[in-house]
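Peer 1: In my numbering, the protein residues as written are 63 to 278.
(1) Taking Cβ positions, are residue 26 and residue 198 nearer each other than 8 Å?
(2) With H, G and I counted as helix, E and B as strand and the rest as coil, what does DSSP make of residue 256?
(3) Could you compute how far the alpha carbon of residue 133 sits from the alpha carbon of residue 203?
(4) Pick out whichever of 216, 96, 156 has its Cα sitting closest to the Cα of residue 71.
(5) Can you tell me whether DSSP reads residue 81 as helix, strand or coil?
(6) Quick one: using the 10 Å Cβ neighbour count with 16 as the cut-off for buried, is residue 252 buried or exposed?
(7) Please report how far the alpha carbon of residue 188 lies from the alpha carbon of residue 200, in whole angstroms.
(8) Counting along the chain, where does the alpha helix (DSSP H) carrying residue 167 start and finish?
(9) Work out the CA separation of residue 105 and residue 99 for me, nearest whole Å.
Spelled out as structure tokens, the structure:
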């Protein structure tokens with residue numbers, strides 16, 4: 063049944079085109095994420111430039127649109143292709159986030175939506191993949207490598223526990239997503255990529271927020 067697969071992916075792609083970072087940066091700073099920090103419309107850039115709260119809102123929005131895509135895909139196509147509706151909808155949301163048509167196919171890097179993908183399709187193995195990515199992040203302090211590691215670990219797991227179709231879809235997605243991370247990979251190899259101590263950054267942002275005087 064090819065049509066339910068295509069329908070699920072298209073549904074996810076359309077919802078994935080909603081880049082939460084644009085709404086949040088306009089709400090808090092009346093600007094575009096393209097004009098702040100790295101210019102990437104994602105959680106990490108928004109959090110670094112606007113603070114912990116706006117960054118969390120971007121995270122919630124990016125996770126939420128993926129969850130919505132999965133719920134709708136399961137409602138419309140789940141009876142035909144079962145859990146594959148979840149997979150294709152989440153893959154579509156990831157592609158929509160990374161390559162939105164209204165931004166000339168220049169979107170975010172899709173870390174949050176990838177997290178949603180692996181957890182929604184299979185929570186247990188999804189969390190195992192996240193643990194693997196966390197190890198990579200703590201060891202290297204490169205957020206880009208951790209983003210790639212999520213799919214890489216999940217792909218390896220899929221070879222043993224999922225069907226060949228799932229592994230093929232994940233492999234294709236990983237190749238496509240590498241386009242968004244290619245410049246980061248080049249910078250890492252050249253020693254130009256900034257390392258990010260995420261736990262320390264979060265603590266620092268929380269301290270700054272706590273230190274702000276309360277307006278009377």
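Note that beta-carbon positions come from the ideal geometry of N, C-alpha and C, so glycine has one too.
Peer 2: Once the coordinates are examined:
(1) Outside the displayed range of the chain (63 to 278) lies residue 26, so it cannot be described from this structure.
(2) In this structure, residue 256 counts as coil in the three-state DSSP scheme.
(3) The C-alpha of residue 133 lies about 34 Å from the C-alpha of residue 203.
(4) Comparing alpha-carbon positions, the option among 216, 96, 156 lying closest to residue 71 turns out to be 156.
(5) In the structure shown, residue 81 adopts coil according to DSSP, grouped into three states.
(6) With fewer than 16 other Cβ atoms from the protein chains shown falling within 10 Å of its own Cβ, residue 252 counts as exposed.
(7) Approximately 18 Å, taken between the alpha carbons.
(8) That residue, residue 167, is in no alpha helix (DSSP H); it is neither H nor E in DSSP.
(9) Rounded to whole angstroms, residue 99 to residue 105 spans 12 Å at the Cα level.
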